[in-house]
Amino acid sequence: KAGVTQTPRYLIKTRGQQVTLSCSPISGHRSVSWYQQTPGQGLQFLFEYFSETQRNKGNFPGRFSGRQFSNSRSEMNVSTLELGDSALYLCASSTAGGNTEAFFGQGTRLTVV
Amino acid sequence: AQSVTQLGSHVSVSEGALVLLRCNYSSSVPPYLFWYVQYPNQGLQLLLKYTSAATLVKGINGFEAEFKKSETSFHLTKPSAHMSDAAEYFCAVSDRRGGSARQLTFGSGTQLTVLP
């Protein structure tokens, strides 16, 4: 069965622009979580969506937002990009509950110049 | 609040030697614990998970981990390292509370180098 698909894999944006990243979860998974990975801060939770509703949000500014569609695909948006937003953005999908495995995509590498 | 501490940001072992990667957690409720591996420019792959069924958990690629509540530890081991084990390893904790969202708190990672 197909894994978690993130598009695009690589992205270069200019400071001040906005960007949208896409995540298609494994078929049947209704939970999609997003994480930011940087060398300095490590892996940090951004937010989680379940059945089109945001269930939990990490400690990130309002410039970071997301949504989930009825087919469970999710997008995250970052507005007014800053150099510090350069990171690997990882999406994970799972069925439900805290004990189930989260399957990660390969990530989108965002570079802000 | 929950947290994870991984002791040693870099660990080097010789091929064939024991691998031991350390993880200590802090959680106000019984946790779910996970070990993930990340290869360069890749996402995270689950090695194993602890969900209270058994304290000694066996995972993929010969890895295993033991949950020790008294020590709040979940160290990852492999009896004999292989060159292909060279990667970054992350320990993570998830909240066990009912209705909990899928929020993983990760440690800072341990880069494993395997020497020939």
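Top to bottom, those sequences are chains A and B. So for the first sequence, this note's numbering puts the first residue at 56; every next one is plus one. So for the second sequence, this note's numbering puts the first residue at 712; every next one is plus one. Cβ coordinates follow ideal geometry from the N, Cα and C atoms, glycine included.
Going straight from the alpha carbon of residue i to that of residue j, what length do you get?
| i | j | result |
| --- | --- | --- |
| S811/B | P827/B | Residue placement at S811/B is poorly supported in this model, since its pLDDT is 45, which falls under 50; the coordinates still yield a value, given next. Distance between the alpha carbons of S811/B and P827/B: 44 Å. |
| A797/B | G754/B | 15 Å |
| Y747/B | Q72/A | 33 Å |
| S795/B | G770/B | 16 Å |
| Q123/A | T69/A | 26 Å |
| A142/A | A728/B | 34 Å |
| T163/A | E775/B | 30 Å |
| F778/B | G139/A | 36 Å |
| G117/A | C734/B | 32 Å |
Which of helix, strand or coil does DSSP assign to residue i?
| i | result |
| --- | --- |
| G121/A | strand |
| L729/B | coil |
| L136/A | coil |
| I81/A | coil |
| N772/B | helix |
| S795/B | helix |
| F801/B | strand |
| N111/A | strand |
| N735/B | strand |
| T93/A | strand |
Beta-carbon separation of residue i and residue j under 8 Å?
| i | j | result |
| --- | --- | --- |
| R104/A | A147/A | Rather than Arg, the amino acid found at residue 104/A in this sequence is Tyr. Against a cut-off of 8 Å, the Cβ pair of A147/A and Y104/A comes out as no contact. |
| P80/A | S127/A | yes |
| G58/A | F158/A | yes |
| L823/B | L732/B | yes |
| H84/A | T150/A | yes |
| Q713/B | V804/B | yes |
| E137/A | S77/A | no |
| S737/B | T783/B | yes |
| Q717/B | C802/B | yes |
Closer than 7 Å by beta-carbon distance: list the chain B residues that pair up with residue i, in chain order.
| i | result |
| --- | --- |
| Q123/A | The contacting residues do not exist; Q123/A stays about 13 Å from chain B at best. |
| F119/A | Per Cβ cutoff of 7 Å: no residues; F119/A is ~15 Å from chain B at best. |
Under 7 Å Cβ-Cβ, which residues of chain A neighbour residue i?
| i | result |
| --- | --- |
| S819/B | G97 |
| G754/B | L145, F159, G160, Q161 and G162 |
| K760/B | E156 |
Could you tell me which chain A residues have their CB closer than 9 Å to the CB of residue i, listed as they occur along the chain?
| i | result |
| --- | --- |
| Q822/B | Neighbours of Q822/B on chain A: none; closest Cβ ~11 Å, over 9 Å. |
Run down chain E in chain order and give the residues with a C-beta less than 9 Å from the C-beta of residue i.
| i | result |
| --- | --- |
| L757/B | Checking the listed chains, one finds no chain E in this structure; the protein chains it contains are A and B. |
Note down, in chain order, every chain A residue with its Cβ under 8 Å from the Cβ of residue i.
| i | result |
| --- | --- |
| F801/B | L98 |
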